[in-house]
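In what follows, a structure is listed as structure tokens, so that the remarks can point back to it.
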Amino acid sequence: MADLYSVTGLHVSLADMTRKPLLGAAPRIGILHGLTFAIGRGEVVGIVGGSGSGKSTLGRALVRLLEPTAGRILFDGQDIAHLPEPALRPLRRRFQMIFQDPLSSLNPRQTVGTILRAPLALHGLPLARAAEALDAVGLPRAHLARYPHELSGGQRQRVGIARAIALRPDFILADEIVSGLDVSSQAQVLALLETLVRDFSLTLAFISHDLSVVRRLCTRIIVLHQGRIVEDAPAARLFDAPKAEYTRMLLSAIPLPDPDQPWD
Amino acid sequence: MTFLAVEGLTVRIRRGPWLLRGVSLAVAAGEARGLVGESGAGKSMIGKAILGILPRAAEVVSGRILLDGTDLLRLSDRDRRARIGRLCALIPQDPLTALNPARRIGPQITDRLTDILGWDRARAQARAAELLAEVQIADPPRVLKSYPHELSGGMRQRVLIAAAFAAEPKLIVADEPTTALDVTVQREVLRLIAGMQARHGTALLFVTHDLGVVSKVCRRLSVLYAGKVVEDTDVRAFFRTPGHPYSAALLAATPKYTDPDSSLRPVPSAVIDAVRAEVAAWDAAHG
């Protein structure tokens, strides 16, 4: 079976408005410099890198929240890189995103029920799936009537996950979804994600700055540095024998909970 | 010799819930103690109480904060501020909000030298340049003339470290100083804090949610849950055999790439129930 995503020569550059002359076009800043990779069906891919490495930009291009400057993004065989919005819309059900900060990605004036039903209605799917999605993420159905501020951080993030899986997508992009959580909720959300990936045979891209977190969840890891892929390897191989200098540097800088770890 | 001793510190929101429930901890001169716990556990609140910057809505109900033998809570506001200003400093979490965006870096460091130590401007400026060199900033004269927005996150955090050590405080409270930084920058900043703390012989109270960071910087450690100290121990002992089930669960939940199968374990609900019961018992005993 063909790969779910096949990305070739992906470039993204943005206008640098801080250096725009009064008249004329702003200079461009290159964010992603020609990325080529594929994501197979059922793969759980970690995308890691430091701040400014382009990992979120890459994610946003994959789910077409931004249009790449150049390159091809084949999703299930169809090039979505420059597809206009009306043509994208029916496809959007199939690739969903979970955001970093649930407080800013869940409308504070809507109940959980309204938040979960809106995308179902948009795609003409049965609204009963909202309650089923809550079951799947382990929240009581009574939470349909709650507002985001009434929930804990971990619960809010579960609502974000429920909203994504309710549409039964093929692909989910999770962008730093546990970085704002305490370790105990972090562990719960990751365990949940592991189960959902299995039960719904999802393909998942998990963006994180934390290599320890992706180690547990991901089967394959792409390391980004300054808009380029510096390493793309199966998780076990990457952690046992990192090839890129930058990967080794990232790994050695992680403070493990162990006073005996050599860290200098 | 104990430099800071917090004894039975109890803080609540006026006519509201408890924030700190009889917290006791001690920091010896030149020693580094970590304060760990999940969000809402009260770890930052302890630092704020010591520095006299509790939110207005909070009140200290009982307890003592002995700084070099003197109970801060028995001093007049004026004497307390003077004493804290002379002996303590803070390294805050977010360098962008801690630095005044409209002032150059130079005066933001020399303020402490002129105001607390009474130095003249020229002497203070020379010292500020030395401090920036000590935190490994490449071009101190240029940085002293810069505004905060002209510096990277790591540079700003270095500036705040230099400012914290400027007036040679005896105690520094560092409140999640590297949470916003990349791991590679985090390592440099933590080494810097640990190195300066050792060289200057400063006591350090290091607030963090990250057990990995604690294991690199601290010798002693207090684990908090709901404003209550559940464990007070030596860092090495803690990572070998945590003394409280909640500490053990926290450690098992911490991600660890070298050991993926035994890390990131959700905290068992029995452990949460047990530690909540301890807190409830304290509440019952204190009305």
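If you read the sequences in order, they're chains A and B.
One point on numbering: in my numbering, the residue at position 10 of the first sequence is 10, and numbering is uninterrupted.
In my numbering, each residue carries its 1-based index in the second sequence increased by 1000.
Ideal placement from N, C-alpha and C gives every residue a C-beta, glycine not left out.
As the structure is a prediction and not an experimental result, all values here were calculated from the model.
For V1036 of chain B, name the three-state secondary structure that DSSP assigns. In the second sequence, the residue the question calls residue 1036 of chain B occupies position 36. The answer is strand: DSSP assigns V1036 of chain B an E or B state.
Using only CA atoms, which one of B:Y1147, B:G1063 and B:P1169 lies nearest to R1103 of chain B? Along the second sequence, one-based indexing puts residue 1103 of chain B at 103. Checking every option, the nearest Cα to that of R1103 of chain B belongs to B:Y1147.
My output table needs one value for P1255 of chain B: the three-state DSSP class, helix, strand or coil. Taking the first residue of the second sequence as position 1, residue 1255 of chain B is located at position 255. It is coil, neither helix nor strand.
Proximal residues, the region 1200 to 1214 of chain B versus chain A, C-beta separation under 9 angstroms: H1209, D1210, L1211, G1212, V1213 and V1214
Applying a beta-carbon distance threshold of less than 9 angstroms, which residues of chain A neighbour E1038 of chain B? Walking along the second sequence from the start, residue 1038 of chain B turns up at place 38. Result: D182, V183, S184 and S185.
From the beta carbon of L256 of chain A, is the nearest beta carbon of chain B less than 7 angstroms away? In the first sequence, the residue the question calls residue 256 of chain A occupies position 256. Yes, L256 of chain A counts as interfacial toward chain B.
Give me the chain A residues within the contact set of S1263 of chain B, using Cβ-Cβ distance strictly less than 8 angstroms, ordered along the chain. As a working mapping, residue 1263 of chain B is identified with position 263 in the second sequence. Here the neighbours are S212 and R216.
Please report whether the beta-carbon of K1170 of chain B lies at a distance below 7 angstroms from any beta-carbon of chain A. Position 170 of the second sequence holds residue 1170 of chain B. No, K1170 of chain B does not count as interfacial toward chain A.
Go through the region 90 to 115 of chain A residue by residue and report every complete run of the beta strand (DSSP E) that reaches 3 residues or more, in order. 95 to 98
Determine, for K1043 of chain B, whether the minimum Cβ-Cβ distance to residues of chain A falls below 7 angstroms. Against the second sequence, residue 1043 of chain B aligns to sequence position 43. So no, K1043 of chain B is outside the interface.
Counting C-beta neighbours from all protein chains within 10 Å, is the total for E150 of chain A 16 or more, i.e. buried, or is it exposed? In the first sequence, counting from the first residue as 1, residue 150 of chain A sits at position 150. It counts as exposed.
Any alpha helix (DSSP H) of 4 or more consecutive residues that is wholly inside the region 1098 to 1140 of chain B: 1105 to 1116 and 1121 to 1134
I want to see whether chain B comes within less than 7 angstroms of A253 of chain A, judged by CB atoms only; does it? Within the first sequence, residue 253 of chain A is the residue found at index 253, counting from 1. Cβ-Cβ to chain B under 7 angstroms: yes for A253 of chain A.
Between which two residues does the alpha helix (DSSP H) holding V1027 of chain B run? The residue given as residue 1027 of chain B occupies position 27 in the second sequence. That residue, V1027 of chain B, is in no alpha helix (DSSP H); its beta strand (DSSP E) goes W1018 to A1028.
Thinking C-beta only, is A1253 of chain B closer than 7 angstroms to A187 of chain A? In the first sequence, counting from the first residue as 1, residue 187 of chain A sits at position 187. In the second sequence, counting from the first residue as 1, residue 1253 of chain B sits at position 253. Closer than 7 angstroms, so yes.
Opening and closing residue of the beta strand (DSSP E) in which T1002 of chain B lies: In the second sequence, residue 1002 of chain B corresponds to position 2, counting from 1. Element bounds for T1002 of chain B: T1002 to I1013.
Under 9 angstroms Cβ-Cβ, which residues of chain B neighbour A241 of chain A? Looking up residue 241 of chain A in the first sequence gives position 241. What A241 of chain A touches in chain B: nothing, since even the nearest Cβ is about 14 angstroms away.
Excluding the 5 residues preceding and the 5 following A1026 of chain B in the sequence, name in chain order all residues of the same chain whose CB lies nearer than 6 angstroms to its CB. Translated into the one-based positions of the second sequence, residue 1026 of chain B becomes position 26. So the list reads T1002 and A1005, once near-sequence residues are dropped.
Which chain A residues sit within Cβ distance under 7 angstroms of K1216 of chain B? Indexing the second sequence from 1 puts residue 1216 of chain B at position 216. The answer, in chain order, is P255 and W263.
E231 of chain A: buried (16+ other C-beta within 10 angstroms of its C-beta) or exposed? Start at 1 with the first residue of the first sequence, and residue 231 of chain A comes out as number 231. Buried, because 16 or more other Cβ atoms sit within 10 Å of the Cβ of E231 of chain A.
Counting only C-beta atoms, is V1183 of chain B closer than 7 angstroms to chain A at any point? As a working note, residue 1183 of chain B is residue 183 in the second sequence. Yes, V1183 of chain B lies at the interface with chain A (some Cβ there is under 7 angstroms from its Cβ).
Where does D1175 of chain B land, buried or exposed, given buried means 16+ other C-beta within 10 angstroms? As a working note, residue 1175 of chain B is residue 175 in the second sequence. Result: buried.
Three-way DSSP call (helix, strand, coil) for L1204 of chain B in this model: On the second sequence, position 204 is the one that residue 1204 of chain B refers to. Of the three classes helix, strand and coil, the one that applies to L1204 of chain B here is strand, per DSSP.
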